[in-house]
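Residue numbers (the working numbering): 62 to 439. Cβ atoms here follow ideal geometry from the backbone N, Cα and C, with glycine treated the same way. Each remark here refers to the structure printed beneath this line.
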Amino acid sequence: MALRRQLRPATALVALCSAALSGAVLVPGTAQADPRPTLAQVQRQVDALEREAEVAAERVNAAADAADAAQARLAVVRAQVARTEARLARARTAAGELAAANYRAGGVSPVLHVLFAEDAGQFLDRAASAGRIAERQSEVVEQVATAQAAVDERRAAVAAEVRRLAEIESRRVADQRSVQDRAERAQALLATLQEEERRRIARAEARAAARAAEAARAARDELRAVPADASDASDSSDSPDEGAAPASSGSQQDAPSSGSSSASGAAAVAVETALAQVGDSYVYGATGPSSFDCSGLTGYAWAAAGVDLPRSSSAQYAAGTKVSKSDLQPGDLVYYYSPISHVGMYIGDGMIVHAANPRSGVGTAPLDSMPYVGATRP
């Protein structure tokens, strides 16, 4: 018994040392590692990063539109500079001819020619000639001054457009870096998941993709079943949207009217084109034919119907005819978030087709699956 009692402290010490070496014993006051985020937390963080990336990507798209507009203005003002410089050159040539004529006359002022006239008739003739010369000199001087001012003004306009283009490019580069940063951070977060968690996400995304593909097939079948003489969706009511605040889901007075699942004409072409892209990948800044971002998909679909849309979702909203939620027709564009940074296409029966995000790609979703802002008809 005495031997056993003597061994117990030693055994306890060995156990304590083993625990310390394995990290099982924590000394009070030492820092503990942060717990690994749960699957739900990672998904929320990835969703937020992808939203931030899309917002920045839509600013990049808007910068492309702004740069195109600035380049067009620059071309106009440069042409104006060329024309005003030509007028200035002609005015200076006229001034030079007057100066040369004065030099050939010995540099004598036309006024002196009048004063030294030999008789009254010569005086009157010379006076009339001097008046014409003075008037011509005044006109030439005014033409030179006006042309020079116009050239200076146009050159200043060119410089302003060049500065504007540089500012647009600077913002575009910054936003492009922001897109890349958010995308990389989202991928890094997904990489922290366990293999089983990644498989769970992949299975959920595969199920969602299958549902989207089935919904797209059903919508296309319904679209093709529309009689050839159905009224064109573009002729429907153009009543303005009631506000830019996100609409509440399930509101009966705001819900699209029943029977709004058919389309014809240009709208039918746009809807069918968009639905044909379901399953394609989402790539920031992509406009097709096999990868898209949100506004790239809507622009691609409506281009197939012969309608050109601006590049960004906010510009598409500004360019279209506003329609109320209750008047939505297939082919109408629907917008989300404030400020607007996402766009999809209404396909009928309370559903949209859109390029969702890099994980989901192009698919279908309920109309109110995101904060709804408004709708337009191209």
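Hey, how far is the Cα of residue i from the Cα of residue j?
i	j	result
R261	S421	14 Å
A244	V219	37 Å
S399	S374	12 Å
A152	D242	57 Å
V395	S231	30 Å
E283	K386	21 Å
Y407	A331	10 Å
E113	E119	10 Å
A271	H415	15 Å
Q248	P419	10 Å
M431	A252	27 Å
A57	R97	Beyond the ends of the chain as shown, which are 62 and 439, falls residue 57; an answer cannot be given.
G263	A269	What sits at residue 263 in the sequence shown is Ala, not Gly. When rounded, the distance between both Cα atoms is 10 Å.
A203	G157	In the sequence under discussion, the amino acid at residue 203 is Glu, which differs from the Ala named in the question. Using only the alpha carbons, I get a separation of about 14 Å.
L389	P350	27 Å
L254	A273	26 Å
A335	R246	30 Å
A206	V384	53 Å
To which residues of the same chain is residue i closer than 7 Å at the C-beta, ignoring the five residues directly before and after it?
i	result
T348	G357, G360 and Y361
V121	R233, D236, Q237, V240 and G346
A127	I229
R225	A131
R134	E222
R215	V138, Q141, V142 and T145
Y378	Y396, I401, G435 and T437
Can you list, in chain order, the residues of its chain with a C-beta nearer than 6 Å to that of residue i? Leave out the 5 residues immediately preceding and following it.
i	result
L428	G411 and I413
L250	V103, Q106 and V107
D213	none
W363	A331, L370 and P439
A366	A327, V330 and A331
A380	P371
A136	none
Out of the options, which has the shortest C-alpha to C-alpha gap to residue i?
i	options	result
Y343	A327, K386, G424 and A117	G424
E146	A114, A211, T253 and A117	A211
E275	Q338, Y378 and P439	Q338
E266	R246, G340 and E256	G340
C355	A366, D388, V404 and E333	V404
D129	V205, A227, A379 and E203	A227
Using 8 Å as the threshold, is the C-beta distance between residue i and residue j below it?
i	j	result
A426	A123	no
A436	G392	no
L110	E258	no
V368	Y397	no
G409	A277	no
S352	V116	no
L149	A208	yes
A125	R372	yes
Any heavy atom of the ligand SAM closer than 7 Å to the beta-carbon of residue i?
i	result
E256	In terms of ligand content, the structure shown is empty, and the ligand SAM therefore cannot be addressed.
Using C-beta distances below 8 Å, list every residue in its chain close to residue i, excluding the 5 sequence neighbours before and after it, in chain order.
i	result
E256	none
Fill in: Unbroken stretches of the beta strand (DSSP E), 3 residues or longer, contained in the segment 212–286
None, since the segment 212–286 contains no complete beta strand (DSSP E) of that length.
Discussion item. Just to confirm the assignment: which complete beta strand (DSSP E) runs, minimum length 3, are found wholly within the segment 351–429?
Written reply: Fully enclosed beta strand (DSSP E) runs of 3 or longer: 382–384, 394–397, 403–409, 412–416 and 423–427.
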